[in-house]
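Below is one structure; the comments refer to it alone.
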Amino acid sequence: MKKILVSQPKPSTEKSPYFDVAEKFGVEMVFRPFIKVEGLSAKEFRAVNPKVSIQEHTAIIFTARTAIDHFFRICEEMRIHMPDTQKYFCTSETIANYLQKYIVYRKRKVFFGKTARLIDLIPSMEKHKNEKYLFAVSDVNNGADDALLEQHKVNFDRAAFYRTVSNDFTPDEPFDYDMLVFFSPQGIDALKKNFPEFNQGDIAIATFGAATTKAAQEAGLRVDIEAPSPEAPSMPAAIERYLAAHQ
Numbered sequence: 000m001k002k003i004l005v006s007q008p009k010p011s012t013e014k015s016p017y018f019d020v021a022e023k024f025g026v027e028m029v030f031r032p033f034i035k036v037e038g039l040s041a042k043e044f045r046a047v048n049p050k051v052s053i054q055e056h057t058a059i060i061f062t063a064r065t066a067i068d069h070f071f072r073i074c075e076e077m078r079i080h081m082p083d084t085q086k087y088f089c090t091s092e093t094i095a096n097y098l099q100k101y102i103v104y105r106k107r108k109v110f111f112g113k114t115a116r117l118i119d120l121i122p123s124m125e126k127h128k129n130e131k132y133l134f135a136v137s138d139v140n141n142g143a144d145d146a147l148l149e150q151h152k153v154n155f156d157r158a159a160f161y162r163t164v165s166n167d168f169t170p171d172e173p174f175d176y177d178m179l180v181f182f183s184p185q186g187i188d189a190l191k192k193n194f195p196e197f198n199q200g201d202i203a204i205a206t207f208g209a210a211t212t213k214a215a216q217e218a219g220l221r222v223d224i225e226a227p228s229p230e231a232p233s234m235p236a237a238i239e240r241y242l243a244a245h246q
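Residue 49 in numbering that gives the first Met the number 0 sits at position 50 of the sequence shown, and the numbers go up by one each step.
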């Protein structure tokens, strides 16, 4: 195992656990997203979400910092001002803290889960059942999230603020990796789009999340590493366990 492709942007700090794993096992970590995000324009937002009025919602659900960026960008383009009474429900504390880029952070109006899963927000939403929620997502949002909110009778509208597209490889870009690491079903789709004749062979495939694992298996790929798990709660930890077992 010499070269690993992590389909995410390069970490902004050298303290990332990915670099620790690379140094420990003498492997090269290449950060190269298979997908990229494009924001919808205000005109596209209206066309994609014809029945959604942002101002009618008293609470916003965020599952990614990308959603926060594009939500407030659209609001600015449409000259919509979020009132001080607006509530925000985020799937993790990291995402919640990111809101400080756009709002004055007050704990009484910002709620977050502990495990980055939407289901952990349900108790908070049930305590605020009179709110009308807006679920800010991409154009390929996981329908399971909608089903979860519907199951718990959350009054919500889903609205796409950005789209996810393939970040295509160039013909002269080398593809000589011993492991490919994926974080979404869209990443699997992009692999098949870029390399329709892809033959996995001895290449290890790592997937994060049940939906990504399912997409990889349905695409005929062998999944060698799955995260998160009780033994490896993060992808760097899962990769480290695999490398240690295959030295």
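Idealized CB from N, CA, C, for every residue including glycine. Fair warning: this is a prediction, and the values are worked out from it, not measured in the lab.
Contact check, residue i vs residue j, beta carbons under 9 Å
i, j, result
"ALA210", "MET178", "no"
"ILE59", "GLN99", "no"
"GLN54", "ILE79", "yes"
"ARG162", "LEU39", "yes"
"GLY186", "PRO16", "no"
"ARG207", "PRO227", "In the sequence on display, residue 207 carries Phe and not Arg. Taking 9 Å as the Cβ cut-off, PHE207 and PRO227 qualify as a contacting pair."
"MET0", "LEU242", "yes"
"ALA66", "VAL136", "yes"
"LYS192", "ASP167", "yes"
"SER6", "PHE197", "no"
"GLN246", "PHE70", "no"
"ALA46", "GLU76", "no"
Three-way DSSP call (helix, strand, coil) for residue i in this model
i, result
"ALA226", "strand"
"ALA231", "coil"
"LEU39", "coil"
"ILE102", "coil"
"ILE202", "coil"
"ILE238", "helix"
"PHE24", "helix"
"PHE88", "strand"
"SER165", "strand"
"PHE197", "coil"
"PHE71", "helix"
"SER137", "strand"
"ARG78", "coil"
"PHE44", "helix"
"MET124", "helix"
"LEU220", "coil"
"ARG31", "coil"
"ARG64", "helix"
Close-in-space but distant-in-sequence residues of the same chain around residue i (CB under 7 Å, 5 per side omitted)
i, result
"ASP175", "LYS2"
"PRO184", "ALA210, THR211, ALA214"
"LEU117", "THR62, THR90, ASP144, LEU147"
"ILE121", "HIS151"
"VAL222", "ILE204, THR206, THR212, ALA215, GLN216"
8 Å CB neighbourhood of residue i in its chain, flanking five on each side removed
i, result
"PHE18", "PRO10, MET28"
"ASP119", "THR90, GLY112, LYS113"
Beta-carbon contacts of residue i that lie in its chain and below 6 Å, excluding the five residues immediately before and after
i, result
"VAL258", "Shown here, the chain extends from 0 to 246; a query on residue 258 therefore has no answer."
"ALA231", "ALA237, ARG240"
"PRO235", "PRO16, TYR17, VAL20"
"ILE224", "ALA205, ALA237, TYR241"
Anticipated Cβ contact below 8 Å, residue i with residue j, distance rounded
i, j, result
"GLY205", "ILE34", "Checking the sequence, you will find Ala at residue 205 rather than Gly. Contact doesn't hold; Cβ gap of about 16 Å is too wide."
"VAL109", "TYR132", "Rounded, the Cβ-Cβ distance is 14 Å, inconsistent with contact."
"PHE111", "GLU125", "Not confirmed; about 15 Å, so no contact."
"ILE94", "MET81", "In fact, because the Cβ distance is near 16 Å, the residues do not count as touching under 8 Å."
Any non-hydrogen atom of the ligand ZN closer than 8 Å to residue i Cβ
i, result
"ARG31", "The ligand content of the structure shown is nil, which means the ligand ZN is not present either."
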